[in-house]
Amino acid sequence: MSVSFNAAAYLVDRQAARGLGDRPALIGPRSTLTYADLAARVAVASAGWRALGVRPEERVVIHAADRPETVVALLSLLRMGAVPVPVSTMNTAAELAALVTDCRCRFLLAGSEFCDRVADALRGDHALPDLVGVVVVDDAAVRPSPPVIRIRWEHLMAAGEASPPGDRSPDRTTEDSPALWLYTSGTTGSPKAAMHRHGSIRTVAEHYGRQVLGLHEHDRCFSVAKLFFAYGLGNSCLLPLAAGAAAILDPAPPTPPSIARRLAEDEPTVYFGVPTSYAALLRTPAVPDTAFDGVRLAVSAGEPLPEELHHRIRARFGIDPVNGMGSTEALHIFLSNRPGHCRPGTLGKPVPGYELRIHTGDGTEAPPGEPGVLRVRAPSAASGYWCRPEATATVFQGPWLDTGDLFTQDADGFYVCHGRAGDMIKSGGIWVAPGEVENRLLQHPAVAAACVVALPDTDGLDRPVACVVPASAQPLDPELLIAFCHDALAAYQRPRHILVFTSLPTTGTGKVSRRAVRQEASARLERSQQDGAHVPARTGPVHPTSPTLSGGA
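Position 203 of the sequence shown, counted from 1, bears residue number 203 in UniProt numbering, the numbering being contiguous throughout.
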């Protein structure tokens with residue numbers, strides 16, 4: 001029988017009980033909540049959800065920015081046994097409607113920043129057969145049509161205040177009770193909801209937050225990645241609260257100026273970034289070299305941090321990013337370097353309590369140094385995907401998660417990622433890891449970002465094509481970059497074309513979208529062939545403006 005356990009009580013009530021009630025828990029743009037404040041609000045909100053008719057194990061979608069109210073809503077749902085489902089604030093109205101329909105939620109929490117999108121999702125052309133109510137924060141201008149009702153957050157809290165004291169108690173959850181759902185970023189198909197348990201929240205906080213990072217009650221944590229996906233949820237809620245630390249919440253999109261402002265004004269001691277955010281900070285002269293002087297620990301995840309980018313970060317900002325890897329299915333990071341013992345270009349070693357194996361194509365374990373697909377035995381693994389039996393069977397193989405990422409392990413036990421198994425390029429009959437070519441390109445001072453994809457040549461054979469972002473406004477000569485690659489890469493590894501992008505498209509979690517890069521590069525090459533001309537050095541941006549930054553596990 002499972003042990004009685006409630007994740008919200010573990011994260012909040014426990015800290016208030018051990019004398020941390022007066023310490024800051026959530027630092028927002030307009031207010032700070034202490035642990036005593038947070039405990040009281042979470043308890044009242046849990047009673048409010050019950051008064052609204054929300055039942056244990058029922059899903060509630062959260063579509064709101066990173067604010068204290070968002071965390072209160074999420075924790076209060078955990079407390080009363082419901083299942084919060086934070087979804088990407090970058091979703092379109094149609095995508096939001098699809099997720100609301102997929103998880104069959106009856107209630108949706110909407111933040112004021114995204115009221116237009118929520119309103120569009122509620123219109124008649126989107127079928128939302130299960131939805132009965134929208135809870136609005138900051139009086140968001142959402143006016144659902146009957147029979148869907150509109151409930152202000154203040155009214156939900158008032159209903160909780162008026163409820164019997166017993167309604168504020170945690171539900172009878174156990175370690176194995178459903179806790180929260182997180183949708184995958186959709187980089188390998190349509191988003192799927194990974195279903196996580198209450199006990200897994202304690203697992204990631206103890207094994208990674210405490211044993212690897214050493215988080216403590218005097219830390220102040222700031223995350224570029226937002227609450228709507230696994231990495232950001234851990235960084236801005238699960239890990240800091242479990243340690244009695246403070247989480248700094250910023251509802252604004254993470255741009256270099258906004259990140260620099262948070263570093264200067266809120267003085268975080270722990271910074272959680274993604275490679276794209278670090279690269280953007282390096283490209284921004286206005287960000288001072290001393291920006292990270294108050295940070296004792298910088299983390300990078302969401303996608304592998306290239307070795308050259310690691311060196312640039314260390315040289316400019318004086319920090320040594322702790323590079324790690326996690327996944328939505330594992331809830332947070334399971335493979336990580338250690339503070340003070342980082343090996344650039346690697347993802348470190350397994351987090352305590354996690355077991356890793358590298359498997360070849362026939363399912364056998366790869367010999368040391370040989371590439372294969374990484375599998376992880378994760379005590380925090382999701383119980384599967386909601387209503388996706390085939391995908392569940394593919395990824396959740398007994399006690400093992402199949403990550404789909406190609407890895408090797410060096411002689412010292414450090415794991416090196418070579419990209420998604422499906423991203424490998426067969427050029428001249430030999431497999432090429434895009435990351436190896438990208439790392440060489442990043443060694444050139446004129447290159448700020450790089451993505452290498454496979455595209456067919458005139459004979460229909462796949463060849464590496466490099467898409468790069470310049471480090472400055474100076475023109476970038478593709479021929480010089482090809483010559484630069486010639487000095488360090490074998491013939492089959494060298495890119496056949498180099499296309500200059502203003503920015504590389506990213507997914508909702510901040511990862512470079514290879515699918516979108518490949519589509520744009522293919523379109524450019526096709527246009528050049530139709531024109532009978534050579535591929536120009538610069539053919540315009542993927543987007544009219546650079547995308548904002550975000551991140552994921």
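Just so you know, even glycine gets a beta-carbon here, dropped at the ideal spot from N, CA and C.
- Rounded to whole angstroms, Ala454 and Val465 show a C-alpha spacing of 6 Å.
- Apart from sequence neighbours up to five positions away, the residues of its chain that approach Ser4 with a beta-carbon distance below 6 Å are Thr174, ordered along the chain.
- Between the segment 40-49 and the segment 158-165 there are three or more inter-stretch CB-CB distances shorter than 8 Å, so the stretches are counted as touching.
- Remark: C-beta atoms of Glu329 and Leu401 approach each other more closely than 7 Å.
- The three-state secondary structure of Cys417, taken from DSSP, is strand.
- Residue burial is scored here from C-beta neighbours: Glu526 has fewer than 16 other C-beta atoms within 10 angstroms and is therefore classed as exposed.
- Taking the CA atoms as reference points, Ser88 sits about 12 Å from Gly510.
- Spanning the alpha carbons of Ile319 and Asp171 requires a straight line of approximately 43 Å.
- Spatial neighbours of Arg440 in its own chain (CB-CB distance under 8 Å, excluding positions within 5 residues in sequence) are listed in chain order as Phe484, Cys485, Ala488 and Leu489.
- Taking a cut-off of 8 Å on C-beta distances, the segment 435-450 does not touch the segment 252-262, as fewer than three cross pairs fall below it.
- Residue burial is scored here from C-beta neighbours: Glu355 has fewer than 16 other C-beta atoms within 10 angstroms and is therefore classed as exposed.
- Each of Thr290, Ala73, His216 and Ala242 was checked against the Cα of Ile201, and the nearest Cα belongs to Ala242.
- Segment contact: the segment 104-113 against the segment 57-66, three or more CB-CB distances shorter than 8 Å; contact assigned.
- Judged by their CB atoms, Leu99 and Ala121 are not nearer to each other than the 7 Å cut-off.
- Bounds of any alpha helix (DSSP H) do not take in Pro24; it lies within the beta strand (DSSP E) bounded by Pro24 to Ile27.
- Distance from the CA of Ala179 to the CA of Glu57, rounded to the nearest whole angstrom, comes to 8 Å.
- The segment 218-230 and the segment 75-92 touch, with no fewer than 3 CB-CB distances between them shorter than 8 Å.
- Rounded to the nearest whole angstrom, the C-alpha separation of Ala471 and Glu217 is 39 Å.
- For Arg261, the enclosing alpha helix (DSSP H) covers residues Pro256 to Glu265.
- Contact between Leu504 and Cys417 is absent: CB atoms are separated by about 18 Å, not below the 8 Å threshold.
- In this chain, the beta strand (DSSP E) harbouring Asn323 covers Val322 to Gly326.
- Exclusion of the five residues before and after Ala9 leaves Pro170 as the residues of its chain whose Cβ lies within less than 6 Å of its Cβ.
- Non-local beta-carbon contacts of Cys237 in its own chain, meaning distances under 6 Å to residues more than five positions away in sequence, involve Val71 in chain order.
- Annotated three-state conformation of Arg59 is strand, per DSSP.
- The straight-line gap separating the alpha-carbon atoms of Thr502 and Val54 is approximately 47 Å.
- When the alpha-carbon of Tyr35 is set against those of Asn337, Ala16, Ala119 and Ala141, the nearest one is in Ala16.
- In the structure shown, the three-state DSSP call for Pro129 is coil.
- Note that the C-beta distance between Arg388 and Arg375 is not below 7 Å.
- Look at Ala280 here: in three-state DSSP terms it is helix.
- Counting along the chain, Leu96 sits inside the alpha helix (DSSP H) bounded by residues Ala93 to Cys103.
- DSSP, reduced to helix, strand and coil, places Arg296 outside both helices and strands of the structure shown, so it counts as coil.
- Taking His155 as reference, the option from Arg50, Ser190 and Cys115 with the minimal CA-CA separation is Arg50.
- In this structure, Arg420 sits near Gly404, with a CB-CB distance shorter than 7 Å.
- Excluding sequence positions up to five before and after Thr269, its CB lies within less than 8 Å of the CB of His218, Asp219, Arg220, Cys221, Gly294, Val295, Arg296 and Leu297, all in the same chain and listed in chain order.
- Apart from the 5 residues on each side of it in sequence, Arg316 sits with its Cβ closer than 7 Å to the Cβ of Leu282 and Asp289 in its chain, given in chain order.
- In the three-state scheme derived from DSSP, where H, G and I count as helix and E and B as strand, Gly363 is classed as coil.
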